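Under full-length UniProt numbering, the first residue of the sequence shown carries the number 1, and numbering increases by one thereafter. Remarks on the structure that follows.
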Amino acid sequence: MRLPTDRDPRCPFDPPAELRGLPAMSRLEFPDGHLGWLATTAEAARTVLGDPRFSARRELKHAPVRFTTPGETGRPAPPGFFGAMDPPEHTRYRRLLTGQFTLRRMRLLEPRIARIAAEHLDAMAAAGPPVDLVSAYALPIPSMVICELLGVPYEDHEFFQERSLRLVAPDGDVDGATADLAAYLGELVRHKRAEPGDDLISGLTGDLSDEELITVAMILLVAGHETTANMLALGVFALLESGTPYEEGAVEELLRWLSIVQHGAPSRAAKQDVEVAGVLVRQGETVALSLPVINRDPGVFDRPDVLDPGREEARRHLSFGHGMHQCLGQQLARIELRIGYGALFERFPGLRLAVPPAQVPLKQGGAVFGVACLPVAWD
Ligand code: HEM
Numbered sequence: 001m002r003l004p005t006d007r008d009p010r011c012p013f014d015p016p017a018e019l020r021g022l023p024a025m026s027r028l029e030f031p032d033g034h035l036g037w038l039a040t041t042a043e044a045a046r047t048v049l050g051d052p053r054f055s056a057r058r059e060l061k062h063a064p065v066r067f068t069t070p071g072e073t074g075r076p077a078p079p080g081f082f083g084a085m086d087p088p089e090h091t092r093y094r095r096l097l098t099g100q101f102t103l104r105r106m107r108l109l110e111p112r113i114a115r116i117a118a119e120h121l122d123a124m125a126a127a128g129p130p131v132d133l134v135s136a137y138a139l140p141i142p143s144m145v146i147c148e149l150l151g152v153p154y155e156d157h158e159f160f161q162e163r164s165l166r167l168v169a170p171d172g173d174v175d176g177a178t179a180d181l182a183a184y185l186g187e188l189v190r191h192k193r194a195e196p197g198d199d200l201i202s203g204l205t206g207d208l209s210d211e212e213l214i215t216v217a218m219i220l221l222v223a224g225h226e227t228t229a230n231m232l233a234l235g236v237f238a239l240l241e242s243g244t245p246y247e248e249g250a251v252e253e254l255l256r257w258l259s260i261v262q263h264g265a266p267s268r269a270a271k272q273d274v275e276v277a278g279v280l281v282r283q284g285e286t287v288a289l290s291l292p293v294i295n296r297d298p299g300v301f302d303r304p305d306v307l308d309p310g311r312e313e314a315r316r317h318l319s320f321g322h323g324m325h326q327c328l329g330q331q332l333a334r335i336e337l338r339i340g341y342g343a344l345f346e347r348f349p350g351l352r353l354a355v356p357p358a359q360v361p362l363k364q365g366g367a368v369f370g371v372a373c374l375p376v377a378w379d
């Protein structure tokens, strides 16, 4: 079997039919010819992501889908690219960053996030319906927040939003976008060394080299843009399309049900033979994970295909991964989503789609699932 990248054409929120009902671990043919595995249950995923015998190093892994950078496999991670490192290298970066991404710091951002949301809602109200929710609301909120956190000037947003998008798009010019962002962030890092502020990049200048810091800043800038923004817009689409009223518990359920990180984006290579859910993964084999399928695991979630904001077990989703690489930005993302959805539905209780659902353009085939735009109107 090969890994499809798109969702089920009959319901774009569901994983493709051919990935449903598979055993916990299935044989998967990789685009480079490698015969690896696909993990589709929560138990298998927790083993693969939690067992130190599995490696995140990209020179050990085979890419399960073509959207990963051409030539990504075989090329070791550059300094600072900690998502593709194992301990002890990963641990060093992760400790430094966890010290910056504290829940306390994220909570302090809450009033600022609420203000940013309110300003954008005012602008939407002033413009009047219909409005594209992605450009008017879902993208600017996480973009402004990550800029403030990192100390990146938001005035330059068109430049880095365009490059961020190219980094996760199915056939984006990854090398060109990376080079542009590295040049831009290099300037910024040199400036922060000379004149530190109270932002996150300045806070790391004492511990990381320029090269490391540029890569770390790039990861955070791209991750800060391409995840929460997609989640915000896609979540609104899902609620409106299904006629589900928003309630606070909906954030975890939407994270589960939508699983925006696409099939194969997390993957690991076995450094030794390891048994996973009853099968033997041999040293050197790559295991790809399908988070959209894992989050519909009927062994964990009752009636998994139903979007149910009141679902108690929703928090058991693996949308932020698991183990040592579990999402660094998850507290920030949760706060942005809670404030983002809450403020929107409070201001516009009569929010509705301004086009038939089938006309909403989906971002398929890339590392992150979302909508390219979302025309909305209100009463
Ligand atoms: C890691 C999902 C938001 C920064 C991850 C992983 C997932 C994920 C699945 C694990 C990848 C793996 O194990 O290979 C998400 C989702 C988000 C979100 C669904 C929003 C809804 C963010 C934000 C930031 C961020 C806002 C930063 C500001 C990171 C970083 C890692 C990561 C740096 C790598 C951590 C490591 O390797 O130690 N994310 N993420 N994410 N995420 Fe997120």
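Glycine included, every Cβ here is placed at the ideal spot set by N, Cα and C. All values derive from a computational prediction rather than experimental measurement.
Ends of the alpha helix (DSSP H) at residue 47? 42–50
Determine the burial state of residue 35: buried for a count of at least 16 other Cβ atoms within 10 Å of its Cβ, exposed for fewer. exposed
Report yes or no: do three or more beta-carbon pairs, one from the region 339–347 and one from the region 136–144, lie closer than 8 angstroms? yes
Extract the residue ranges of the beta strand (DSSP E) inside the region 136–224, only unbroken runs of 3 or more that lie entirely within it. none
Rounded to whole angstroms, what is the Cα-Cα separation between residue 22 and residue 297? 11 angstroms
If you run the structure through DSSP and keep just helix, strand and coil, what is residue 318? coil
Does the region 16–32 come close enough to the region 236–252 that 3 or more CB-CB pairs lie under 8 angstroms? no
Could you compute how far the alpha carbon of residue 310 sits from the alpha carbon of residue 257? 13 angstroms
With a threshold of 7 angstroms, establish whether the CB of residue 95 neighbours any heavy atom of ligand 1. no
Using the beta-carbon count (16 or more within 10 Å), is residue 71 buried or exposed? Caution applies to residue 71, whose pLDDT of 42 falls short of 50 and renders its modelled position unreliable; the value that the coordinates give is listed next. Per the 10 Å Cβ criterion, exposed.
Taking the C-alpha atoms as reference points, what is the distance between residue 219 and residue 90? 14 angstroms
Excluding five sequence neighbours on each side, which residues of the same chain lie with their C-beta closer than 7 angstroms to the C-beta of residue 86? 55, 56 and 57
With 16 as the cutoff for other CB atoms within 10 Å, does residue 329 come out buried or exposed? buried
Any idea which residues DSSP pairs residue 38 with across the strands? 26 and 288
Excluding five sequence neighbours on each side, which residues of the same chain lie with their C-beta closer than 7 angstroms to the C-beta of residue 69? Only weak support is given to the placement of residue 69: the predicted model assigns it a pLDDT of 48, under 50, and the value that follows is read from those uncertain coordinates. Closer than 7 angstroms at Cβ, skipping near neighbours: 174.
Please report the Cβ distance between residue 380 and residue 277, rounded to the nearest whole angstrom; I am assuming they are in contact, meaning their Cβ atoms lie under 8 angstroms. Not covered by the structure: residue 380. The range shown for the chain is 1 to 379.
Helix or strand or just coil, what does DSSP make of residue 77? coil
Specify whether the region 58–65 and the region 277–294 touch according to this definition: at least 3 beta carbon pairs, one from each stretch, less than 8 angstroms apart. yes
Does the beta-carbon distance from residue 215 to residue 260 come in below 8 angstroms? no
Please report how far the alpha carbon of residue 44 lies from the alpha carbon of residue 194, in whole angstroms. 48 angstroms
Using DSSP bridges, identify the partner residues of residue 270. 54
Cβ pair residue 177, residue 167 closer than 8 angstroms: yes
Taking 8 angstroms as the cut-off, does the region 349–365 touch the region 238–251 (at least 3 CB pairs, one atom from each stretch)? yes
Looking only at C-alpha atoms, which of 6, 1 and 2 sits nearest to residue 369? 6
When you compare only the Cα positions, how much space is there between residue 119 and residue 272? 53 angstroms
When you compare the region 156–166 with the region 106–122, are there three or more beta-carbon pairs, one atom per stretch, that lie closer than 8 angstroms? no
With which residues is residue 377 paired in a DSSP beta bridge? 352
In or out: residue 47 buried (at least 16 other Cβ within 10 Å) or exposed? buried
If I measure Cβ to Cβ from residue 345 and keep anything under 6 angstroms in the same chain, skipping five residues before and after, which residues do I get? 246
Contact set for residue 315: own chain, Cβ-Cβ below 6 angstroms, skip 5 residues either direction: 252
C-alpha distance - residue 186 paired with residue 213, whole-angstrom precision: 9 angstroms
Beta-carbon proximity of residue 80 to residue 208, cut-off 8 angstroms: yes
Continuous alpha helix (DSSP H) stretch holding residue 108: start and end: 103–108
Along the chain, where does the alpha helix (DSSP H) that runs through residue 307 open and close? Run containing residue 307: none; DSSP gives neither H nor E here.
Any non-hydrogen atom of ligand 1 within 7 angstroms of residue 261 CB: yes
In the structure shown, what three-state DSSP assignment does residue 297 receive? coil
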